[in-house]
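Everything below concerns the one structure shown next.
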Amino acid sequence: MILIHTKREKQINREPCISIEKRNFIAGLWHGAFLALGVSLTQPTTVISAFVADLTGSTIWVGGLSTVLTVAGALPQIFIARWIEPRPRKMPFLLLAIYLRVISWGALAFLVFTIGDQHPLTLAWILVGMLVVFYAGGGLGNIPYTDIVGKIIPQNRRGAFFGGMGAIAGPLSVGAALFARRILADVSYPNNYALLFLFAAIGLTIASLGFWAIREPSGDTSDVHMLPWKDYWKHLQSTSRRLKVLIG
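Using the working numbering, read the sequence shown as starting at -5 and increasing by one per residue.
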């Protein structure tokens, strides 16, 4: 009798855990799907490059912007990782990163609508500034995202999680690309680009609801401490040397 009672207690205690795991799994898929939708509306190699070319008429601007965005996406991670790593919960930092990206696209849509095609060079610099914020937000978000997914998705379900995300995101990305093509063709310039930035901001906002639904467990960071800058730079140099050996 005692054994049966114990088994029932274990089953009851296990059910909430299963429910939370399922909730987190679905919420993660939700985020991945709408993130793919929002990002596909403003692909840097197609939509952004075409907009920059229309604004400046310069291939140098297009190539230079690609370099700037690569740096903007990578550089924040070097400085932010030291500060985020010791935190037991990473969700606030991920949400901050997401809404930085939402604000950048929303502000860009508003400014394109407002300025129009009267001051193309001014708009080009505004575009660069907002894109730097967007990609810096992406760089900031990569660090907590990896940690959160590692905590909420069991190891034996990560293949299903990322496979499912790809299966859902793929068709949505294709649909978003076709929709973007139609907007660019049917709406007058530059309002067509403004609409794409606005829809991208809406897509990212909807995607963020997935992370509001996630229940992030507190991580064990008792043995993790923020390194002094001097030690942190030494650690980075040591890591870069190891990577150089692996790549070389």
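Backbone N, C-alpha and C fix where the C-beta goes; we use that ideal spot for every residue, glycine too. Bear in mind that the values here come from a model prediction, so they are computed numbers and not experimental data.
When the distance is taken between beta carbons, is residue j closer than 8 Å to residue i?
| i | j | result |
| --- | --- | --- |
| G132 | G67 | yes |
| R95 | L198 | yes |
| L102 | F173 | no |
| F193 | L49 | no |
| I208 | I137 | no |
| V62 | V127 | no |
| Y187 | D111 | no |
| G26 | M159 | yes |
| V33 | S43 | no |
| A130 | P38 | no |
| L31 | A170 | yes |
| V106 | L115 | no |
According to the neighbour-count rule (16 or more other Cβ atoms, all chains shown, within 10 Å of its Cβ), is residue i buried or exposed?
| i | result |
| --- | --- |
| L90 | exposed |
| A163 | buried |
| K84 | buried |
| W206 | exposed |
| W99 | buried |
| A154 | exposed |
| F28 | buried |
| V239 | In this prediction, V239 scores a pLDDT of 49, lower than 50, which makes its location untrustworthy; no coordinate-derived value is stated. |
| L59 | buried |
| G22 | buried |
| I74 | buried |
| I6 | Any reading at I6 is ruled out, since the residue's pLDDT is 42, under 50, leaving its predicted position unreliable. |
| S232 | exposed |
| D141 | buried |
Just checking: is the beta-carbon of residue i within a distance shorter than 8 Å of some beta-carbon in chain C?
| i | result |
| --- | --- |
| I208 | Although the question refers to chain C, the structure presented lacks it and comprises just one protein chain. |
In terms of alpha-carbon separation, which member of the options lies closest to residue i?
| i | options | result |
| --- | --- | --- |
| I120 | N18, K145, I54, V46 | V46 |
| S82 | W206, I20, S212, P222 | Residue identity differs from the one stated: residue 82 is Pro in this sequence, not Ser. Ranking W206, I20, S212, P222 by Cα distance to P82 puts S212 first. |
| I14 | E210, G153, K228, V126 | E210 |
| I200 | V127, W24, I20 | W24 |
| F87 | S202, P222, L178 | S202 |
| G204 | P148, V143, I74, G169 | V143 |
| E79 | T108, S52, Y139 | Y139 |
| F19 | A195, G157, D180, K224 | G157 |
| I109 | Y129, N185, A161 | N185 |
| Y93 | A195, V168, S232, R76 | A195 |
| V41 | S232, L189, P222, K16 | L189 |
| P222 | D141, R176, V181, R76 | R76 |
| R17 | T64, I72, V65, P148 | P148 |
Does the Cβ of residue i lie closer than 7 Å to at least one heavy atom of the ligand NAP?
| i | result |
| --- | --- |
| W99 | Annotation note on the ligand NAP: not contained in the displayed structure, which lists no ligands. |
| message | Going residue by residue through the region 119 to 199, where are the continuous alpha helix (DSSP H) segments of at least 4 residues, counting only ones entirely within it? | response | 152 to 180
| said: Please give me, in chain order, every unbroken run of the beta strand (DSSP E) with length at least 3 that falls completely inside the region 9 to 33. | reply: none
| said: To test your reading of the DSSP string, which unbroken alpha helix (DSSP H) runs of 4 or more residues are found completely within the region 24 to 100? | reply: 43 to 50, 53 to 78
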